[in-house]
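Going left to right, the sequence shown walks through residues 243 to 417 as this note's numbering numbers them. One structure is given here, and the rest of the page talks about it.
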Amino acid sequence: QFGVRITNAAISSTPFDAYVTAPGVSLDGISPNLSNVAAGTTSTFVILSAGQYQVRFTLHNSKQLIYDAGTLTFVGNTSYAFVAYSKASGTLVNAALLVMDTNGTGALANSTVSEFKLVHAAPMTSAINARVNGNVAFANVPYQGITSYGTQGVGTQTVTIEAAATPGDVWFPCA
243 QFGVRITNAA ISSTPFDAYV TAPGVSLDGI SPNLSNVAAG TTSTFVILSA GQYQVRFTLH
303 NSKQLIYDAG TLTFVGNTSY AFVAYSKASG TLVNAALLVM DTNGTGALAN STVSEFKLVH
363 AAPMTSAINA RVNGNVAFAN VPYQGITSYG TQGVGTQTVT IEAAATPGDV WFPCA
């Protein structure tokens, strides 16, 4: 078995819930392992069987993902601490994973989640769609419209802007 706890050092963050699941398990219909981890606090330990897990944080009482460590391997007879910290985002956090042993080892466990929004600021144009890697991320955004934040994976993405009335008519491609 191993133990893991969370410290929320993310300045001005809202409380969040933590899920430690088998990789790829949907968060729908399951309860968090740790709930309501407020800024400036450290949770209790959760004890689990050694193995591979996916660690995710969501806004408290929500399934809105604010951190995803991806798949990590946890060894038995070891205690771990995630230290969540601010990431120049109003919502997302990042984390360091610390091994609580005599060596005091640790490393960043960078999140696999990023966020973005769309502002339609092209005068005298019709509504637009934004596609990320070919998939519609925002649809039918009118001139002067501003979307809420959408989440995507981290890394290089291909974003295209097209007229909502004529999907496929790309106005602006970028990578």
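Heads up, the beta-carbon is just placed ideally off N, CA and C, and yes, glycines get one too. Predicted model, so just to flag it, every value in this text is computed and none were measured.
{"Query": "Check whether THR283 and ASN336 have beta carbons under 7 Å apart", "Result": "no"}
{"Query": "Contact set for THR263: own chain, Cβ-Cβ below 6 Å, skip 5 residues either direction", "Result": "GLN296"}
{"Query": "Local conformation of PHE287 per DSSP, three classes", "Result": "coil"}
{"Query": "Selection from SER277, SER254, VAL288, GLY293 that minimises the alpha carbon distance to THR300", "Result": "SER277"}
{"Query": "Same chain only: Cβ atoms within 6 Å of THR333, ignoring 5 sequence neighbours per side", "Result": "ILE308"}
{"Query": "Residue interval of the beta strand (DSSP E) (run including SER356)", "Result": "355 to 358"}
{"Query": "Contact under 7 Å by Cβ, VAL279 with ILE248", "Result": "yes"}
{"Query": "For ASN371 and ASN213, the rounded distance between their alpha carbons", "Result": "Given that the chain is displayed from residue 243 to residue 417, the structure contains no residue 213 and the question cannot be resolved."}
{"Query": "Same chain only: Cβ atoms within 6 Å of THR313, ignoring 5 sequence neighbours per side", "Result": "PRO265, GLN294, GLN296"}
{"Query": "Coarse secondary structure for ASN250, derived from DSSP in three states", "Result": "strand"}
{"Query": "C-alpha distance - VAL317 paired with THR344, whole-angstrom precision", "Result": "16 Å"}
{"Query": "Euclidean distance between Cα positions of VAL341 and THR398", "Result": "30 Å"}
{"Query": "Which residues DSSP lists as bridging GLN294, in chain order", "Result": "THR315"}
{"Query": "Cβ of MET366 within 7 Å of any chain D Cβ", "Result": "Although the question refers to chain D, the structure presented lacks it and comprises just one protein chain."}
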